[in-house]
Every structure is written in C-alpha cells, then in structure tokens.
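Peer 1: Heads up: the sequence shown at position 150 corresponds to 150 in UniProt numbering, and the numbers run straight through without jumps.
Quick reminder that beta carbons are idealized off the backbone N, C-alpha and C, glycines included.
Nothing here was measured: the structure is a model prediction, and the numbers come from that model.
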Amino acid sequence: MNVWSNSQAVRDYEDFLANKPSAVDWTGDCPSCFIIPSSGFDNPSPCELLLSELADVSKGDVVLEWSEGSPIAIPEEFSSSPAPIYVCLPSSSLSSFVNCEYIQGLRKQYPASPLLEDFVFVHYDGSIAETILRKNNLGGSEQTNLLLNCGFEKSSGRYDYKLIENEVQLGVDAMGIKKVAGRSIACGKWAGSVKERIEDSVKRCCGVEGEGENWEMIDLGFYRDVRRMLFEYGILTSAVRLVGEVHTKTSGDRLTFNDVVMSYEGETIDLVRELSSCLRGGLAVTMMYGFEDRILALAESSNMWKDQEAKTVWGGQKGLGGVWEQQNGWWLEEMTVKALAKAKETRIPIPDPLPMHSEYLQFIGVEVEGEGGEPVAEVGVGGERSFMDALQGK
1 MNVWSNSQAV RDYEDFLANK PSAVDWTGDC PSCFIIPSSG FDNPSPCELL
51 LSELADVSKG DVVLEWSEGS PIAIPEEFSS SPAPIYVCLP SSSLSSFVNC
101 EYIQGLRKQY PASPLLEDFV FVHYDGSIAE TILRKNNLGG SEQTNLLLNC
151 GFEKSSGRYD YKLIENEVQL GVDAMGIKKV AGRSIACGKW AGSVKERIED
201 SVKRCCGVEG EGENWEMIDL GFYRDVRRML FEYGILTSAV RLVGEVHTKT
251 SGDRLTFNDV VMSYEGETID LVRELSSCLR GGLAVTMMYG FEDRILALAE
301 SSNMWKDQEA KTVWGGQKGL GGVWEQQNGW WLEEMTVKAL AKAKETRIPI
351 PDPLPMHSEY LQFIGVEVEG EGGEPVAEVG VGGERSFMDA LQGK
C-alpha cells in the first residue's frame with residue numbers, strides 16, 4: 001500500500017524490476033556554469049569552501065553571482081547546448097532562487113524548458129528541499145542531485161586546503177565487508193560530471209589522490225537511493241537539533257550533536273523513528289535497514305556534524321522561511337498541518353501524526369497550529385503523562 005500510494009515510487013519500482021537505472025549516461029566533466037551567492041558564503045562551512053573552489057574559468061567555466069531579488073540569466077552557450085549548471089547557494093536562498101522570474105519563466109514554458117534538467121542541486125546541511133524543487137519542476141530521476149559529505153578546511157601547508165570527510169566506520173557486515181556512513185553520492189543526468197569535477201578539485205586544492213587506481217570520493221547512485229539518503233540526513237538534523245534545543249532550554253548548557261546522542265540517545269531514537277514512520281505513509285519512502293545506527297554514528301563521530309551546536313533555526317518568529325521550512329518546519333507543515341487538514345476535509349478525525357515532534361516544538365515556543373489556525377491537539381491528555389510534564393517535574 002505504501003508503494004502504490006506514490007506515482008514516483010511506482011515508476012522507481014518498475015525501473016528496478018526492469019534493471020533500468022534512474023539516470024542516463026554517466027557523462028564526464030565539461031565546461032560548466034556555477035551560480036554562487038554574490039556576497040559569498042557567510043562563515044563558510046567545509047562544504048561551502050569546497051563549492052567555492054569548483055569553478056575553473058581557465059577551462060571554460062562561467063561563474064554567475066546571485067542575490068535575492070536580483071535578476072539572473074544563464075549564458076547562451078549553456079542554454080543552447082546541454083551542460084551542468086551548479087546551484088551553489090545556501091539552503092536559506094534556495095526557495096527564493098527557484099521562485100525568481102527567470103526560473104519561473106523556464107518552468108511555465110509549454111513544454112517546460114529542457115534547461116531545467118541541467119541544474120545541479122547540492123545538499124549538504126540536512127535540509128529537505130524536495131517540496132521546493134518538485135513544486136517548480138525541478139525534481140525527479142533526471143534531475144542531478146548531490147549529497148555532499150566532504151569539504152575543505154584552510155591549511156598553512158603546501159596546499160591551500162586540507163580535505164575534511166564525514167565518513168564513519170560502522171564495523172563489518174556478515175560477509176566481512178566494512179559498513180560505512182557519510183559517503184557522498186550523486187544521481188541524475190550530470191552525476192558523472194559532478195563526480196569527476198569534485199574529485200579533480202580535491203586533488204588540485206588538497207593534493208589528495210587516495211590509495212590505488214580505484215580511489216573514489218563520490219558514489220554514483222539511483223534517484224531512489226539518493227532521495228532516501230537525503231531524507232535520512234533530514235531526519236538527522238531535525239531530530240538532533242530539536243532534542244538538543246529542548247535540553248538546552250531546561251539545562252542552560254550549550255549542546256553539540258555529539259552531546260545529544262551521547263546523553264539522550266533513547267529520546268533521539270524515539271524522535272528519529274517517529275519522523276521516519278511518517279515518510280512511509282506520506283511519501284512512500286522507507287528508510288534502509290540500520291538507518292538509526294547511521295544517524296547516531298554521524299551525529300556522534302563525523303567530522304562535520306559532531307561539534308555543531310544542536311539548536312534549531314527557530315527564532316520565535318512566525319512565517320520563518322529559509323532553512324526553517326526545510327528542517328523542522330518541513331515536518332510540521334508537510335506531515336502534521338497538511339495531514340490534519342486532509343482529515344478535517346474528509347471528516348475523519350486522526351491524532352497528530354508526529355506527537356513527539358509537535359510537543360517538543362511547542363516546548364521551545366513554536367505555535368503548532370492546524371491549517372485553519374486552530375491549535376493541534378495537545379500531547380499527553382487523557383490521563384497520560386507527557387515527556388514534557390516529566391521533564392518539568394509535573
């Protein structure tokens with residue numbers, strides 16, 4: 001039932017049975033267009049430092065600077081012949097970018113402009129961009145998506161940067177093969193080009209060439225695999241940040257991702273499982289076996305997650321967009337508010353699909369309301385003692 005409730009899942013399953021990949025040829029690298037923030041990245045993360053070094057104008061690349069509200073147009077040489085167009089923008093700018101006049105013009109053509117398929121979207125901070133992209137004809141198996149799990153850090157050595165990777169070891173499986181989490185993976189039309197581009201940039205900027213001829217930093221996968229992993233990282237950031245902020249509020253301590261999973265492991269797993277269960281019924285997406293272990297391992301040990309502050313981007317303001325609408329705000333809007341609105345339309349009462357998530361949001365000050373503005377039913381009624389009551393000694 002979960003599979004047949006989603007048309008994309010049906011197509012993916014049929015392709016899987018037919019041994020048909022969810023992407024076309026793995027084309028090699030070629031001159032590309034790069035869209036970057038006009039003011040640069042604010043306090044750039046390792047991934048953002050890597051993105052800022054991808055373009056090489058000496059090889060025919062073109063760099064376009066963009067800021068919210070400013071016009072943009074892809075140069076003729078890239079709009080007339082296929083080539084990768086990298087969207088190297090922070091998550092907070094993604095919604096504004098895809099809703100700008102130029103992108104909307106491409107989308108509203110009939111049929112939609114094939115140029116849309118050349119955009120390459122990079123995901124690196126656990127934000128869930130699927131809703132934003134799909135609403136604007138920028139999602140699906142042809143679209144190139146990169147889950148980036150490596151980056152650069154400034155170095156005073158021979159090279160300008162040193163490589164930072166997120167990969168963590170999870171032991172070995174029954175066959176004796178090493179299990180790892182935190183690998184970078186790409187899918188879609190330009191996946192092969194993306195892979196070659198990033199690996200060449202790592203060699204050029206860090207002098208890293210790996211061990212042996214088969215050294216690879218970027219895996220190539222199918223759309224269904226990358227989509228599942230993007231949701232896995234979305235669960236990671238949303239769950240750990242929310243649990244961290246709740247306990248920061250009660251203790252006054254600054255908590256990192258590592259602190260949260262080490263001190264509140266059971267609580268984090270409960271929230272992780274609650275979020276993942278909604279994906280099965282809502283989007284026909286089922287996490288792969290062992291996802292809880294991978295999430296905890298990344299939060300505890302990975303270079304780019306373990307020391308991050310476990311705090312949501314909620315700032316006590318209504319109508320927050322940007323990163324909020326792609327992290328905890330996404331779960332609230334897409335899985336709670338819309339589900340309750342549909343139930344109201346059909347007059348079939350249902351409980352909050354994400355009771356723990358809603359309760360935690362309310363505790364940090366987020367107004368959890370239905371689509372009509374009415375409060376979502378409180379958690380812990382009917383004689384049950386909620387977690388927040390226990391936390392506050394009630």
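Does the structure place the segment 216 to 232 close enough to the segment 283 to 291 that three or more beta carbon pairs sit under 8 Å?
Peer 2: yes
Peer 1: Residue 184 by DSSP, collapsed to three states: which one?
Peer 2: In the sequence shown, residue 184 corresponds to position 184, counting from 1. Three-state DSSP puts residue 184 in a strand.
Peer 1: Excluding the 5 residues flanking residue 124 on each side, which residues of the same chain have their C-beta closer than 6 Å to its C-beta?
Peer 2: For the purposes of this step, residue 124 is taken as residue 124 along the sequence shown, with counting starting at 1. Here the set comprises 47, 148.
Peer 1: Between the alpha carbons of residue 183 and residue 177, how many angstroms are there, rounded?
Peer 2: If you number the sequence shown from 1, residue 183 lands on position 183. If you number the sequence shown from 1, residue 177 lands on position 177. Roughly 15 Å between the two C-alpha positions.
Peer 1: Just the C-alpha distance for residue 195 and residue 71, rounded to the nearest angstrom, thanks.
Peer 2: Counted from its first residue, the sequence shown places residue 195 at position 195. Counted from its first residue, the sequence shown places residue 71 at position 71. Roughly 30 Å between the two C-alpha positions.
Peer 1: When the Cα of residue 354 is compared with those of 344, 329, 188, which residue comes out closest?
Peer 2: By one-based count along the sequence shown, residue 354 stands at place 354. For residue 354, the nearest C-alpha among the options comes from 329.
Peer 1: Have a look at residue 112 and residue 338 and give me their C-alpha separation to the nearest angstrom.
Peer 2: For the purposes of this step, residue 112 is identified with residue 112 of the sequence shown, where counting begins at 1. For the purposes of this step, residue 338 is identified with residue 338 of the sequence shown, where counting begins at 1. Going from the Cα of residue 112 to the Cα of residue 338 covers about 28 Å.
Peer 1: In or out: residue 99 buried (at least 16 other Cβ within 10 Å) or exposed?
Peer 2: One-based indexing of the sequence shown puts residue 99 at position 99. Looking at its Cβ environment, which holds fewer than 16 other Cβ atoms inside 10 Å, residue 99 is exposed.
Peer 1: Between which two residues does the beta strand (DSSP E) containing residue 258 stretch?
Peer 2: Position 258 of the sequence shown holds residue 258. From DSSP, residue 258 is part of no beta strand (DSSP E) but of the alpha helix (DSSP H) over 257 to 263.
Peer 1: Quick check on DSSP: helix, strand or coil for residue 87?
Peer 2: By one-based count along the sequence shown, residue 87 stands at place 87. It is a strand residue.
Peer 1: Say whether the segment 163 to 177 touches the segment 58 to 75, bearing in mind that this needs 3 or more beta-carbon pairs closer than 8 Å, one atom from each stretch.
Peer 2: no
Peer 1: Is the segment 71 to 91 touching the segment 32 to 43 in the sense that three or more CB pairs, one from each, lie closer than 8 Å?
Peer 2: yes
Peer 1: Would you mind reading off the limits of the alpha helix (DSSP H) that contains residue 360?
Peer 2: Working through the sequence shown from its first residue, we reach residue 360 at position 360. 355 to 363 is the extent of the alpha helix (DSSP H) around residue 360.
Peer 1: With distance defined between alpha-carbon atoms, name the residue in 35, 273, 256 nearest to residue 303.
Peer 2: Counting from 1 along the sequence shown, the entry for residue 303 is found at position 303. When only C-alpha atoms are compared, the closest one is 256.
Peer 1: May I ask you to report which of helix, strand or coil DSSP gives residue 231?
Peer 2: By one-based count along the sequence shown, residue 231 stands at place 231. Residue 231 falls in the helix class under three-state DSSP.
Peer 1: What did DSSP end up calling residue 114 once you bin it into helix, strand or coil?
Peer 2: What you label residue 114 is simply residue 114 of the sequence shown in a count that begins at 1. In the three-state DSSP reduction, residue 114 falls in the helix class (H, G or I).
Peer 1: Just the C-alpha distance for residue 127 and residue 237, rounded to the nearest angstrom, thanks.
Peer 2: Stepping through the sequence shown from its first residue, residue 127 is reached at position 127. Stepping through the sequence shown from its first residue, residue 237 is reached at position 237. Rounded to the nearest angstrom, the two C-alpha atoms are 8 Å apart.
Peer 1: Write down every uninterrupted run of the alpha helix (DSSP H) in the segment 112 to 177 whose length is 4 residues or greater and which is fully enclosed by it, in chain order.
Peer 2: 130 to 134
Peer 1: Please classify residue 313: is it buried, with 16 or more other beta-carbons within 10 angstroms of its beta-carbon, or exposed?
Peer 2: For the purposes of this step, residue 313 is taken as the residue at position 313 of the sequence shown. By the Cβ-count criterion, residue 313 is buried, with 16 or more other Cβ atoms from all chains shown falling within 10 Å of its own Cβ.
Peer 1: Please name the residue, chosen from 49, 324, 84, 45, that lies closest to residue 61 on a Cα-to-Cα basis.
Peer 2: Counting from 1 along the sequence shown, the entry for residue 61 is found at position 61. Considering only alpha carbons, the answer is 84.
Peer 1: Would you report the Cα separation of residue 151 and residue 284, rounded to the nearest angstrom?
Peer 2: Looking up residue 151 in the sequence shown gives position 151. Looking up residue 284 in the sequence shown gives position 284. If I take the Cα positions, the gap works out to 32 Å.
Peer 1: Identify which residue in 282, 29, 276, 263 has its Cα closest to the Cα of residue 299.
Peer 2: Along the sequence shown, read from residue 1 onward, the residue named residue 299 stands at position 299. The residue with the shortest Cα to Cα distance from residue 299 is 263.
Peer 1: Taking DSSP's pairing of strands, which residues face residue 30 in a bridge?
Peer 2: Counted from its first residue, the sequence shown places residue 30 at position 30. DSSP, once it has assigned bridges, lists no residue as partnering residue 30.
Peer 1: Would a C-beta distance cut-off of 8 Å place residue 27 and residue 141 closer than the cut-off?
Peer 2: Here residue 27 corresponds to residue number 27 of the sequence shown, with the count starting at 1. Here residue 141 corresponds to residue number 141 of the sequence shown, with the count starting at 1. No, these two residues do not count as a Cβ contact at 8 Å.
Peer 1: Which stretch, first to last residue, makes up the alpha helix (DSSP H) that contains residue 340?
Peer 2: Along the sequence shown, read from residue 1 onward, the residue named residue 340 stands at position 340. Run containing residue 340: 338 to 346, per the alpha helix (DSSP H) assignment.
Peer 1: If you drop the 5 nearest sequence neighbours on each side, which residues of the same chain put their C-beta closer than 6 Å to that of residue 384?
Peer 2: Sequence index remark: in the sequence shown, residue 384 carries index 384 (1-based). For residue 384, the pLDDT reaches just 39, beneath the cut-off of 50, and the residue's location in the model is therefore unreliable, leaving the point undetermined.
Peer 1: Taking the CB atoms as reference points, tell me whether residue 138 and residue 116 lie closer together than 8 Å.
Peer 2: Within the sequence shown, the letter at position 138 stands for residue 138. Within the sequence shown, the letter at position 116 stands for residue 116. Contact flag set, yes.
Peer 1: Figure out for me which residue from 122, 250, 301 has the closest Cα to the Cα of residue 51.
Peer 2: One-based indexing of the sequence shown puts residue 51 at position 51. Taking only the C-alpha atoms, the option nearest residue 51 is 122.
Peer 1: Does the distance from the C-beta atom of residue 34 to that of residue 54 stay below 8 Å?
Peer 2: On the sequence shown, residue 34 is found 34 positions in, with the first residue counted as 1. On the sequence shown, residue 54 is found 54 positions in, with the first residue counted as 1. Yes, the pair counts as a contact, with Cβ atoms nearer than the cut-off.
Peer 1: Have a look at residue 305 and residue 198 and give me their C-alpha separation to the nearest angstrom.
Peer 2: As a working mapping, residue 305 is identified with position 305 in the sequence shown. As a working mapping, residue 198 is identified with position 198 in the sequence shown. So the alpha carbons of these two residues sit roughly 21 Å apart.
Peer 1: DSSP three-state call for residue 179: helix, strand or coil?
Peer 2: For this step, residue 179 is matched to residue 179 along the sequence shown. DSSP places residue 179 in strand when its eight states are reduced to three.
Peer 1: Can you tell me whether residue 10 is helix, strand or coil according to DSSP?
Peer 2: Position 10 of the sequence shown, counted from the start, is the residue given in the question as residue 10. Three-state DSSP puts residue 10 in a helix.
Peer 1: In the DSSP output, what is residue 37 paired with across the bridge?
Peer 2: Translated into the one-based positions of the sequence shown, residue 37 becomes position 37. DSSP lists 66 as partners of residue 37.
Peer 1: Give the DSSP-derived three-state secondary structure of residue 319 in the structure shown.
Peer 2: Taking the sequence shown and counting its residues from 1, one reaches residue 319 at position 319. Any reading at residue 319 is ruled out, since the residue's pLDDT is 44, under 50, leaving its predicted position unreliable.
Peer 1: Residue 49 lies in the alpha helix (DSSP H); which residues open and close that run?
Peer 2: Counting from one through the sequence shown, the residue named residue 49 turns up at place 49. That run of the alpha helix (DSSP H) goes 46 to 52.
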